[in-house]
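Below: one structure, written as structure tokens.
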Amino acid sequence: MAWTRDQMAERAAKELRDGFYVNLGIGIPTLVANFIPAGMDVQLQSENGMLGMGPFPFEGEEDADLINAGKQTITELATTSYFSSADSFGMIRGGHIDLAILGAMEVTERGDLANWMIPGKMVKGMGGAMDLVAGVKRVVVVMEHTAKGQPKLLHHCTLPLTGTAVVDLVITDLAVFSIDKGSSGGMTLIELADGVTLDEVKANTEANFKVAADLKTKAA
Amino acid sequence: MAWTRDQMAERAAKELRDGFYVNLGIGIPTLVANFIPAGMDVQLQSENGMLGMGPFPFEGEEDADLINAGKQTITELATTSYFSSADSFGMIRGGHIDLAILGAMEVTERGDLANWMIPGKMVKGMGGAMDLVAGVKRVVVVMEHTAKGQPKLLHHCTLPLTGTAVVDLVITDLAVFSIDKGSSGGMTLIELADGVTLDEVKANTEANFKVAADLKTKAA
Amino acid sequence: MNKIFPDAHAAMAGILKDGMTLMSGGFGLCGIPQLLIEAIRDLKVKDLTVISNNAGVDGAGLGILLESRQIKKMISSYVGENKLFERQFLAGELELEFNPQGTLAERIRAGGAGIPAFLTKTGVGTLIAEGKELRDFDGAVYVMERGLVADVSIVHAYKGDTEGNLIYRKTARNFNPMMASAGKITVAQVEHIVPAGEIDPDAVHTPGIFVQRIVHTPNIAKLIEKRTTRPRIAA
Amino acid sequence: MNKIFPDAHAAMAGILKDGMTLMSGGFGLCGIPQLLIEAIRDLKVKDLTVISNNAGVDGAGLGILLESRQIKKMISSYVGENKLFERQFLAGELELEFNPQGTLAERIRAGGAGIPAFLTKTGVGTLIAEGKELRDFDGAVYVMERGLVADVSIVHAYKGDTEGNLIYRKTARNFNPMMASAGKITVAQVEHIVPAGEIDPDAVHTPGIFVQRIVHTPNIAKLIEKRTTRPRIAA
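These protein sequences, in sequence, are chains S, W, C and F. Once you know that position 168 of the first sequence is 168 in my numbering, the rest is easy, because the numbers rise by one and skip nothing. Once you know that position 36 of the second sequence is 256 in my numbering, the rest is easy, because the numbers rise by one and skip nothing. Once you know that position 72 of the third sequence is 512 in my numbering, the rest is easy, because the numbers rise by one and skip nothing. Once you know that position 180 of the fourth sequence is 855 in my numbering, the rest is easy, because the numbers rise by one and skip nothing.
Shown next as structure tokens:
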């Protein structure tokens with residue numbers, strides 16, 4: 001039983017800490033906002049120029065001047081501030097955002113990431129993805145473990161890179177991996193989704209990975 | 221009869237144009253504000269972070285949060301905006317200020333300027349002077365022609381430089397010189413103060429200068 | 441010094457020429473200077489290099505200058521919303537330079553602030569850094585990026601005064617302030633125009649020095665690309 | 676996440692150590708975090724490198740940390756108002772690095788924005804450019820300057836909310852916003868403290884992400900260095 005999208009988002013929400021400023025990418029990462037523990041103060045950044053992003057508006061209360069980086073209508077909170085895109089990416093590039101949770105097409109055992117160019121399709125552009133992975137303190141990827149049966153955790157990205165040695169944690173529908181991106185520590189399987197076996201993960205992963213000591217016990 | 225400080229400021233005010241954004245240095249340049257022609261729209265910038273600088277406040281209305289770059293209490297106008305010092309110098313460096321009128325210790329025939337280090341005295345720092353001369357579209361120097369009988373218009377500055385090839389016009393108590401700083405055009409005497417002779421200027425100037433054709437006639 | 445123009449057409453007249461570089465504010469369709477873009481279409485200038493985070497959608501924003509084939513090159517971070525763009529690009533009729541969004545924002549800010557180049561970690565090790573100078577600082581690698589300026593910038597603001605001081609509203613601020621600072625001539629369309637002195641000088645986003653022309657464009661239609669809502673809980 | 680501290684001493688406690696780099700906001704005596712400076716004096720940390728446009732005056736601003744000999748080095752643009760500074764500098768007790776004011780402001784802004792270096796025309800051909808890398812862009816020469824960050828930044832704001840959003844007042848803004856962004860830890864003294872939501876989000880100067888600690892310092896004495904006035908014309 002692999003994790004659902006909601007379960008992946010719920011797992012990602014465990015990376016949140018009180019007082020964190022967080023940027024959520026489009027897709028599954030957006031769902032993480034639904035799993036912020038009650039009482040935990042987490043401010044969401046939208047890289048077009050907003051801190052303190054609120055939920056979608058009630059129908060009829062949409063404001064064309066208030067959208068997130070995915071161009072969806074949103075709302076403001078008591079904590080909200082607005083700023084220019086230059087100031088917003090200064091925040092990102094300057095290492096002030098604690099955590100980014102992003103989708104991906106490919107991730108390598110060294111933390112390289114590809115998530116902006118889809119093969120065989122018109123190139124739409126990288127938007128803020130390259131800035132986020134280069135600047136944010138900790139980068140968590142949430143993605144399906146495979147695409148059309150092919151592994152997405154690889155030795156080398158086949159798609160154009162978004163960044164090299166940038167990913168700290170990968171959450172898939174099958175498992176969770178930490179990546180020691182700064183050194184040669186490589187990738188470590190630290191968690192299995194409920195009912196998923198180590199063999200199943202191995203069969204669907206090209207990247208080299210170690211298995212965490214405590215997980216071995218659990219999976220045995 | 222050399223020009224007084226007020227007359228020098230009045231002459232400098234002739235460099236103003238409608239719609240100009242202008243930065244005035246401390247000393248004689250500050251007096252230029254008194255000679256802005258009625259009906260001419262000139263906005264004064266204070267490099268600590270203000271556009272639209274008003275006159276000194278009435279006694280009792282001083283505001284410690286409202287000072288100019290010379291640390292004097294001032295007032296705001298209807299046109300005023302405030303911004304950070306980074307934004308202020310972005311404005312200056314980015315060439316958005318039309319005119320700076322500054323004091324000087326030494327100016328050369330190529331437009332080199334020294335105005336921040338006084339020989340034999342404690343070095344106080346350059347403040348914003350280097351930024352202003354490097355960034356502002358047109359730089360006008362207003363200064364006494366000599367200091368203790370020694371020329372201040374020189375072949376080479378003897379004091380540490382504020383900038384090289386930065387001065388466009390020099391107004392002294394004796395005369396006005398234009399400087400073709402961008403090329404080898406050098407310095408040209410274009411105006412004499414009332415009652416001042418060409419010989420008097422020559423005797424008090426080390427820098428090489430040409431004499432403008434129309435001035436020769438006038439001085440003859 | 442009157443900066444107020446009677447309409448968008450008048451505000452754009454006399455400052456456009458073929459082959460020029462234009463910056464156009466907005467993110468998606470949020471905070472775009474729609475009426476100034478329409479005036480550029482009507483003024484028929486061509487071979488434009490346009491710097492804008494996005495390229496509009498079919499029929500709105502810069503999409504209308506794509507339709508009229510006035511754009512030669514786009515410098516953007518994301519152009520995914522526009523089918524016409526795709527067709528023109530694949531047909532070789534349109535040049536495209538992608539910039540990471542933060543690098544694009546900073547290049548424009550640098551251009552306005554007189555900074556010809558800066559170093560950033562963004563894009564190191566990717567296609568974006570190819571052919572650019574790399575530098576090491578304190579053990580990390582950075583890529584050198586250049587400042588950008590424009591012959592003309594067009595921006596949208598919520599409020600403007602007669603001095604040209606501007607205030608933007610919510611996330612419609614986005615690229616507008618930097619672009620206002622990086623245009624040799626900047627034209628602003630504003631929803632509300634007020635006499636100088638009515639805007640709190642501490643609250644000004646773009647000081648008037650950056651704005652050469654203003655036009656009052658009240659009651660503009662603001663488009664929403666992705667209308668997302670949540671259900672009301674019955675009381 | 677409570678950011679509010681009961682007093683200046685508590686707000687500065689536990690984050691200072693000998694030899695650290697400190698940024699201190701203000702221009703002259705305008706917008707300086709006087710009570711936070713006094714707390715640093717009382718906490719007796721020493722060998723500080725202080726980045727601040729000025730060095731205060733005798734008895735106020737950073738002047739009091741000069742008196743207590745806690746400053747090893749100043750990075751400033753102008754220190755002319757301070758006699759004690761002069762004595763300590765001439766006695767070789769104080770290091771001094773002058774930066775042009777705009778270069779200093781931009782270095783701090785760059786540090787906060789993750790930019791390790793940028794190019795500027797300011798100072799080319801002068802002492803300031805000696806030993807620094809020069810680069811040619813489009814026929815003009817520029818000097819490379821480095822970004823600055825601080826272990827701790829202290830700033831003064833007019834208003835702050837519980838989230839740490841700040842608003843500065845008039846020219847007391849000056850270096851405070853950039854310094855708030857360039858401190859690994861930033862402490863703000865604010866004249867007025869309000870609940871989150873009371874500050875217009877379009878009017879925030881420093882978003883709360885940059886502010887880790889806030890202390891309410893009402894009714895502070897604001898000093899004026901040069902009291903200049905004009906006469907009232909009798910009616």
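Backbone N, C-alpha and C fix where the C-beta goes; we use that ideal spot for every residue, glycine too. Quantities reported herein were computed from a predicted structural model and do not represent experimental measurements.
C-alpha distance - residue i paired with residue j, whole-angstrom precision
| i | j | result |
| --- | --- | --- |
| T158(S) | E106(S) | 8 Å |
| Q292(W) | L244(W) | 13 Å |
| N539(C) | G128(S) | 9 Å |
| R672(C) | P57(S) | 9 Å |
| A100(S) | N616(C) | 25 Å |
| A298(W) | L723(F) | 42 Å |
| D261(W) | A688(F) | 51 Å |
| E241(W) | K344(W) | This sequence places Tyr at residue 241(W); Glu is not what is there. Roughly 27 Å between the two C-alpha positions. |
| I660(C) | E585(C) | 36 Å |
| A220(S) | K202(S) | With a pLDDT of 47 at A220(S), under the threshold of 50, the modelled position of that residue is not reliable, and the figure given next carries that caveat. Cα to Cα, A220(S) sits roughly 15 Å from K202(S). |
| D194(S) | T172(S) | 12 Å |
| A114(S) | A9(S) | 20 Å |
| K859(F) | L132(S) | 19 Å |
| Y518(C) | A69(S) | 11 Å |
| S492(C) | V592(C) | 12 Å |
Run of the beta strand (DSSP E) containing residue i, from where it starts to where it stops
| i | result |
| --- | --- |
| E570(C) | From DSSP, E570(C) is part of no beta strand (DSSP E); its letter is neither H nor E. |
| K523(C) | Note, K523(C): premise wrong, no beta strand (DSSP E); alpha helix (DSSP H) at K523 to L530. |
| H831(F) | A825 to D836 |
| Q43(S) | Q43 to S46 |
| R672(C) | Where R672(C) is concerned, there is no enclosing beta strand (DSSP E), given that its DSSP letter is neither H nor E. |
| H632(C) | G623 to V634 |
| M584(C) | A580 to R586 |
| M463(C) | T461 to S464 |
| A222(W) | Careful: A222(W) lies outside any beta strand (DSSP E) and carries neither H nor E. |
Span of the alpha helix (DSSP H), counted from its first residue to its last, around residue i
| i | result |
| --- | --- |
| Q474(C) | Q474 to L483 |
| F615(C) | Segment: none, F615(C) is in no alpha helix (DSSP H) and carries neither H nor E. |
| L198(S) | L198 to A203 |
| R11(S) | R5 to A13 |
| L132(S) | A129 to G135 |
Whether residue i touches residue j by CB criterion (8 Å)
| i | j | result |
| --- | --- | --- |
| L505(C) | L524(C) | no |
| N494(C) | S508(C) | no |
| M187(S) | E109(S) | yes |
| Q629(C) | A448(C) | yes |
| I28(S) | G135(S) | no |
| E15(S) | G52(S) | no |
| L169(S) | V140(S) | yes |
| L841(F) | H891(F) | no |
| M460(C) | S84(S) | no |
| G94(S) | G565(C) | no |
Where residue i sits in the DSSP three-state scheme
| i | result |
| --- | --- |
| T442(W) | Outside the displayed range of chain W (221 to 440) lies residue 442(W), so it cannot be described from this structure. |
| N254(W) | helix |
| R653(C) | strand |
| G54(S) | strand |
| G786(F) | helix |
| V212(S) | Here residue 212(S) is Ala; the residue named in the question, Val, does not match the sequence. It is coil, neither helix nor strand. |
| N677(F) | coil |
| Q745(F) | coil |
| G310(W) | helix |
| S183(S) | coil |
| A413(W) | coil |
| L153(S) | strand |
Proximal residues of chain B, C-beta to C-beta of residue i below 8 Å
| i | result |
| --- | --- |
| D131(S) | No chain B appears in the structure shown, which is made up of the protein chains S, W, C and F. |
*Please name the residues in the region 605-633 of chain C whose beta-carbon is closer than 9 Å to at least one beta-carbon of chain F, in chain order.*
I607, Y608, R609, K610 and R613
_Interface residues of the region 771-800 of chain F facing chain C [CB-CB below 8 Å]_ = Taking 8 Å as the cut-off between beta carbons, the residues of the region 771-800 of chain F near chain C are E781, A785, A788, G789, I790, P791, A792, F793, L794, T795 and K796, in sequence order.
*Note down, in chain order, all residues in the region 93-108 of chain S with a beta-carbon under 9 Å from any beta-carbon belonging to chain C.*
R93
*Check distances from the C-beta atoms of the region 289-315 of chain W to those of chain C and list, in chain order, the residues that come in under 7 Å.*
E296, A298, T299, T300, S301, Y302, F303, G310, M311, R313, G314 and G315
*asked:* Counting only Cβ-Cβ distances shorter than 8 Å, please list the residues of the region 367-383 of chain W near chain F, keeping chain order.
replied: Going along the region 367-383 of chain W in chain order, one finds P380, L381, T382 and G383 with a Cβ nearer than 8 Å to chain F.
*Got a sec: which bits of the region 896-907 of chain F sit with their beta carbon under 7 Å from any beta carbon on chain W, in order along the chain?*
K897, L898, I899, E900, K901, R902, T903, T904, R905 and R907
*Using a Cβ-Cβ cut-off of less than 9 Å, give me the residues of the region 443-474 of chain C that come near chain S, in sequence order.*
Per Cβ criterion, the list reads F467, G468, L469, C470 and G471.
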